[in-house]
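Notes follow once the structure below has been shown.
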Amino acid sequence: MKTLNQFKSLLLLGVFAISIMGFMAMKSEINGEWVVPAEYKTKKNTTNGKDDGSGKKLYALHCKSCHGSNGLNDGPKAKNMKAPMRKFNETAVQNQTDGELYYKSIIGRDEMPNYEKKIKDETDRWMLVNYIRTLK
4 MKTLNQFKSL
14 LLLGVFAISI
24 MGFMAMKSEI
34 NGEWVVPAEY
44 KTKKNTTNGK
54 DDGSGKKLYA
64 LHCKSCHGSN
74 GLNDGPKAKN
84 MKAPMRKFNE
94 TAVQNQTDGE
104 LYYKSIIGRD
114 EMPNYEKKIK
124 DETDRWMLVN
134 YIRTLK
């Protein structure tokens, strides 16, 4: 009987912990904080850090309609967005690791779509990150 009660206590504690983690994740999104998983923060850019032109083309195809030509969030779809967007020339954006920019640009969240199926080539994904770096 004692072990059953201990099991119930542990189960209840686990459910409580999961609930708290869910609440914290929800709270961070409400506050606009974008939590990037650790494995992406340290993800290494597999290119030389320079766009070969394909990043600019991908940006024009997938990003420009919201983020605008120069990453200033003045694209035609920007005014309809509910989520706050940062301008790519902001220090807070440019100071992010390549992995963080990769995660936000490719994985996305909320209104920022996931591009894993649209931009399948890993080098192309990094070229997009490299191009975003030029929008200072």
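Under our numbering, think of the first position of the sequence shown as 4, with each following residue one higher. All C-beta atoms, glycine included, are put in the ideal place defined by N, C-alpha and C. Keep in mind it's a predicted model, so treat the numbers as computed, not measured.
With respect to the 8 Å criterion, LYS46 and TYR118 are not classified as neighbours on the basis of their beta carbons. Annotated as proximal: LEU131 and TYR62, with beta-carbon spacing under 8 Å. The C-beta distance from HIS65 to LYS121 rounds to 7 Å, short enough to meet the 8 Å contact threshold.
ASN76 has its alpha-carbon roughly 21 Å from the corresponding atom of THR100. Residue state for MET88 is assigned as coil, using DSSP reduced to three classes. The shortest C-alpha to C-alpha distance from THR50 to any of THR126, ARG112 and LYS80 is the one to THR126. From the listed residues LYS82, GLY78, LYS80 and GLU103, the smallest Cα separation to PRO40 is found for GLU103. For the set ASP124, SER68 and LYS123, the Cα lying nearest the Cα of MET84 is the one of SER68. Note on geometry: alpha-carbon atoms of LYS82 and SER108 lie some 19 Å from one another.
Shown here for GLY52: same chain residues with a beta carbon closer than 7 Å to its own, the five before and five after excluded, namely ASN133 in chain order. Here ASN98 is not near GLY74, since their CB atoms are 8 Å or more apart.
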